[in-house]
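A.B. asks: Counting along the sequence shown from 1, when you hit position 381 you're at 380 in numbering that gives the first Met the number 0, and nothing is skipped either side.
One structure, as structure tokens, below. Some questions next.
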Amino acid sequence: MSARQMSETRVRVPFLDLAPSHAPLKADLLADIADLLDTGAFTNGPHVQRFEQAFAEYCGVAECVGVGSGLDALRLGLIASGVQPGDEVIVPAVTFVATLEAVTQAGARPVVVDILEADYCIDPAATAAQIAPRTRAVLPVHLYGQMADMRALRSAVEGKGVAILEDACQAHGARRAGIDAGSTGAAAAFSFYPGKNLGAAGDAGAFVTNDAALASGVRALREHGQTAKYVHFREGWTARLDTIQALVLLHKLPLLDAWNAQRRSAARYYADELNGVGDIVLPPVAPESEPSWHLYVVRTGDPEALGLFLRENGIGTGRHYPDPVHLTAAYAWLGLPAGSFPVAERLSRECLSLPLFPGISEEQLAAVVGGVRAFFDGSSR
Ligand SMILES: *Cc1c(COP(=O)(O)O)cnc(C)c1O
0 MSARQMSETR VRVPFLDLAP SHAPLKADLL ADIADLLDTG AFTNGPHVQR
50 FEQAFAEYCG VAECVGVGSG LDALRLGLIA SGVQPGDEVI VPAVTFVATL
100 EAVTQAGARP VVVDILEADY CIDPAATAAQ IAPRTRAVLP VHLYGQMADM
150 RALRSAVEGK GVAILEDACQ AHGARRAGID AGSTGAAAAF SFYPGKNLGA
200 AGDAGAFVTN DAALASGVRA LREHGQTAKY VHFREGWTAR LDTIQALVLL
250 HKLPLLDAWN AQRRSAARYY ADELNGVGDI VLPPVAPESE PSWHLYVVRT
300 GDPEALGLFL RENGIGTGRH YPDPVHLTAA YAWLGLPAGS FPVAERLSRE
350 CLSLPLFPGI SEEQLAAVVG GVRAFFDGSS R
């Protein structure tokens, strides 16, 4: 099929379309928001507590603290864990920058390590090798929705006084080797940015843990360091979960597993249909791993050219992420030159994210596959 023929039968495929997810819950949600306008309790009301309880249950943990964003959950979690200026926190080289922002905003220094080919997550052996006297925590990122190897990480930090704080911002509902995302570290951070697997209608996040003292630390820090009204044990922030966002999340949480199932079947379709096409490298799935498929990221020699070709054919794509964190301008001060982390750097050079969202139609999935095939048919001569 040539590009020209494709355009005659064009099916538009946005990179992300949230409308199909929202359609079935819109009327009930709007009614609840109207009630809220009559009754007030815009912060810390019963809806926030209801959501916190429901999400803790979903993750299989005792405590959930609703906060304003994923970054808030990471930053406040590190501070409540006792991370101090001068401490070191180990992070993977491929993540969204917020992982590193949390570390520096807690006053600590990010220590970057490479990722593994097997799951694109932090390398547990490289992590163990970087543990030093000032290391206080490791922030594994469950990249694209696939969990890091938590068992290997737990043995890497065993007996060293190093806490694992999971960056589960892309991994709502992911599992690996029988472990749920967010349930096995000392604590975990989730983001409900609208495009995440569970998204609010704006910014929101959650901190989850089985440690009651850690949870009350974050609960105080999200609200000006208050332990009771006007009792400030330390300086804090305005970092609460809005009640309106809690309502949105309460309506969406019961649908999360079904949405993730749709993501999984779309991912299976791509894996079947794109296997062996051109130079495409399919996303790795580790043994016993059930990713939440936040993103479907393939590797290819020229992702910009493939992305442009797809765009010309009405198909949206993304790049997650075009630079590993140590090569962004924001973290040039870490002084880590190109070549420091070969696996991460190759992923960043070659990555292309294909459309994947709940409600993506078979016709749309077929159009994406047709587009990728057409690109390689055209470029093979
Ligand atoms: C989205 C995301 C965050 C930050 O979440 P915000 O809610 O945007 O602050 C942190 N880490 C990862 C891996 C993310 O994908």
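C-beta: ideal position from N, C-alpha, C; glycine also.
Go ahead and label R133 buried or exposed: buried means 16 or more other beta carbons lie within 10 angstroms of its beta carbon, across all protein chains shown.
C.D. replies: Mapped onto the sequence shown, residue 133 falls at position 134. R133 should be labelled exposed.
A.B. asks: Can you say whether P321 is buried or exposed, counting buried as having 16 or more other CB atoms within 10 angstroms of its CB?
C.D. replies: Locating residue 321 in the sequence shown gives position 322, counting from the first residue. P321 is exposed by the Cβ-count criterion.
A.B. asks: Does the beta-carbon of G198, which I'm using as the reference point, lie nearer than 7 Å to any heavy atom of ligand 1?
C.D. replies: Position 199 of the sequence shown holds residue 198. Every heavy atom of ligand 1 is 7 Å or more from the Cβ of G198, so no.
A.B. asks: Would you decide whether L307 is buried or exposed? Buried here means 16 or more other CB atoms lie within 10 Å of its CB.
C.D. replies: Taking the sequence shown and counting its residues from 1, one reaches residue 307 at position 308. Per the 10 Å Cβ criterion, exposed.
A.B. asks: Can you tell me whether R135 is buried or exposed, with buried defined as 16 or more other CB within 10 angstroms of its CB?
C.D. replies: On the sequence shown, position 136 is the one that residue 135 refers to. So R135 counts as buried.
A.B. asks: Report whether the distance from the Cβ of D322 to the nearest heavy atom of ligand 1 is below 7 Å.
C.D. replies: The residue labelled residue 322 in the question sits at position 323 within the sequence shown. No - ligand 1 has no heavy atom lying nearer than 7 Å to the Cβ of D322.
A.B. asks: Which stretch, first to last residue, makes up the beta strand (DSSP E) that contains F189?
C.D. replies: Here residue 189 is taken as the residue at index 190 of the sequence shown, counted from 1. Start and end: A186 to S190.
A.B. asks: Go through the segment 215-249 residue by residue and report every complete run of the beta strand (DSSP E) that reaches 3 residues or more, in order.
C.D. replies: If we require 3 residues or more, the beta strand (DSSP E) runs fully inside the segment 215-249 come out as 225-227.
A.B. asks: By Cβ distance, which residues of its chain are closer than 8 Å to M0, with the 5 residues on each side in sequence left out?
C.D. replies: As a first step, residue 0 is located in the sequence shown; it is residue number 1 there, counting from the start. With a pLDDT of 48 at M0, under the threshold of 50, the modelled position of that residue is not reliable, and no figure is offered here.
A.B. asks: Determine the DSSP secondary structure at T126, reduced to helix, strand or coil.
C.D. replies: In the sequence shown, counting from the first residue as 1, residue 126 sits at position 127. Three-state DSSP puts T126 in a helix.
A.B. asks: Do E165 and G181 have their beta-carbon atoms positioned less than 8 Å apart in this structure?
C.D. replies: One-based indexing of the sequence shown puts residue 181 at position 182. One-based indexing of the sequence shown puts residue 165 at position 166. Taking 8 Å as the Cβ cut-off, G181 and E165 qualify as a contacting pair.
A.B. asks: Let me know if R380 comes out buried or exposed under the rule of 16 or more other beta-carbons within 10 Å of its beta-carbon.
C.D. replies: Working through the sequence shown from its first residue, we reach residue 380 at position 381. Model confidence at R380 stands at a pLDDT of 39, short of 50, so the residue's coordinates are unreliable; what they give is reported in the following sentence. Counting Cβ neighbours within 10 Å, R380 comes out exposed, since fewer than 16 surround it.
A.B. asks: For C168, which residues does DSSP report across the bridge?
C.D. replies: Looking up residue 168 in the sequence shown gives position 169. DSSP, once it has assigned bridges, lists no residue as partnering C168.
A.B. asks: Taking a contact to mean a Cβ-Cβ separation below 8 Å, would you say Y192 touches G184 in this structure?
C.D. replies: Here the question's residue 192 lines up with position 193 in the sequence shown. Here the question's residue 184 lines up with position 185 in the sequence shown. No.
A.B. asks: For D241, is the classification buried or exposed, using 16 other Cβ atoms within 10 angstroms of its Cβ as the cut-off for buried?
C.D. replies: Taking the sequence shown and counting its residues from 1, the one referred to as residue 241 is at position 242. By the 10 Å Cβ count, D241 comes out buried.
A.B. asks: Please write down, chain order preserved, every residue whose beta carbon lies under 6 Å from a heavy atom of ligand 1.
C.D. replies: Residues flagged by the Cβ proximity filter: S68, G69, L70, T94, F95, A97, T98, V140, D166, C168, Q169, S190, Y192, D202 and G204.
A.B. asks: May I have a chain-ordered list of the beta strand (DSSP E) segments no shorter than 3 residues that lie completely inside the segment 324-378?
C.D. replies: Listed in chain order, they are 350-353.
A.B. asks: Indicate the three-state DSSP secondary structure (helix, strand or coil) for T316 in the structure shown.
C.D. replies: Numbered from its first residue, the sequence shown carries residue 316 at position 317. Coil.
A.B. asks: Going by DSSP in three states, D179 sits in which element: helix, strand or coil?
C.D. replies: Position 180 of the sequence shown, counted from the start, is the residue given in the question as residue 179. In this structure, D179 counts as strand in the three-state DSSP scheme.
A.B. asks: Check whether the segment 67-75 and the segment 275-285 are in contact - that is, three or more C-beta pairs closer than 8 Å.
C.D. replies: Output reads no: the segment 275-285 does not touch the segment 67-75.
A.B. asks: Quick one: Cα of P357 to Cα of V156, how far?
C.D. replies: As a working note, residue 357 is residue 358 in the sequence shown. As a working note, residue 156 is residue 157 in the sequence shown. Looking at the two C-alpha atoms, the distance is approximately 37 Å.
A.B. asks: If you drop the 5 nearest sequence neighbours on each side, which residues of the same chain put their C-beta closer than 7 Å to that of P19?
C.D. replies: Along the sequence shown, one-based indexing puts residue 19 at 20. The answer, listed in chain order, is P357 and G358.
A.B. asks: Could you name the residues of the same chain whose beta carbon sits closer than 6 Å to that of A187, not counting the 5 residues immediately before and after it, in chain order?
C.D. replies: What you label residue 187 is simply residue 188 of the sequence shown in a count that begins at 1. Counting only Cβ-Cβ distances below 6 Å, and skipping sequence neighbours, we find E165, A167, G181 and V207.
A.B. asks: Among Q244, V93 and L138, which residue has its Cα nearest to the Cα of A101?
C.D. replies: Counted from its first residue, the sequence shown places residue 101 at position 102. Comparing Cα positions, the closest option is L138.
A.B. asks: Sort T299, Q261 and Y268 by Cα distance to I279 and report the nearest one.
C.D. replies: Looking up residue 279 in the sequence shown gives position 280. Taking only the C-alpha atoms, the option nearest I279 is T299.
A.B. asks: Looking only at its own chain, which residues have a Cβ that is under 8 Å from the Cβ of I114, when we skip the five neighbours before and after it?
C.D. replies: Counting from one through the sequence shown, the residue named residue 114 turns up at place 115. For I114, where only same-chain residues beyond five positions count, the Cβ hits under 8 Å are P91, A92, V93, C120, I121, D122, L142, F340, V342, A343 and L346.
A.B. asks: How about W258 and G144: do their beta carbons lie closer than 8 Å?
C.D. replies: Counted from its first residue, the sequence shown places residue 258 at position 259. Counted from its first residue, the sequence shown places residue 144 at position 145. Their beta carbons are not under 8 Å apart, which means W258 does not touch G144 by this criterion.
A.B. asks: Quick one: what's got a C-beta closer than 7 Å to R263's C-beta in the same chain, skipping five residues either side?
C.D. replies: Against the sequence shown, residue 263 aligns to sequence position 264. Around R263: W292.
A.B. asks: According to the Cβ coordinates, are A205 and V66 closer than 8 Å?
C.D. replies: For this step, residue 205 is matched to residue 206 along the sequence shown. For this step, residue 66 is matched to residue 67 along the sequence shown. Yes, these two residues count as a Cβ contact at 8 Å.
A.B. asks: With A203 and Q169 assumed to form a contact (beta carbons below 8 Å), what rounded beta-carbon distance in angstroms separates them?
C.D. replies: As a position in the sequence shown, residue 203 is number 204, starting the count at 1. As a position in the sequence shown, residue 169 is number 170, starting the count at 1. About 15 Å separates the two Cβ atoms, so there is no contact after all.
A.B. asks: G204 by DSSP, collapsed to three states: which one?
C.D. replies: The residue you call residue 204 lines up with position 205 of the sequence shown. Note: G204 maps to strand in three-state DSSP.
A.B. asks: If you follow the alpha helix (DSSP H) that E56 is part of, which residue opens it and which one closes it?
C.D. replies: In the sequence shown, counting from the first residue as 1, residue 56 sits at position 57. From DSSP, the alpha helix (DSSP H) with E56 extends over P45 to C58.
A.B. asks: Please classify F232 as buried or exposed, where buried requires at least 16 neighbouring CB atoms within 10 angstroms.
C.D. replies: In the sequence shown, counting from the first residue as 1, residue 232 sits at position 233. Under this definition F232 is an exposed residue.
A.B. asks: What span of residues does the alpha helix (DSSP H) with I32 cover, start to end?
C.D. replies: Position 33 of the sequence shown holds residue 32. Looking at the DSSP string, the run of the alpha helix (DSSP H) that includes I32 is K25 to T38.
A.B. asks: For the alpha helix (DSSP H) containing R134, name the first residue and the last one.
C.D. replies: Here residue 134 refers to the residue found at position 135 when the sequence shown is read from its first residue. Per the sequence shown, residue 134 should be read as Thr rather than Arg. Counting along the chain, T134 falls outside any alpha helix (DSSP H), though it belongs to the beta strand (DSSP E) covering T134 to V137.
A.B. asks: Determine whether the beta carbon atoms of H250 and G235 lie at a separation below 8 Å.
C.D. replies: Looking up residue 250 in the sequence shown gives position 251. Looking up residue 235 in the sequence shown gives position 236. Not a contact, by the Cβ cut-off of 8 Å.
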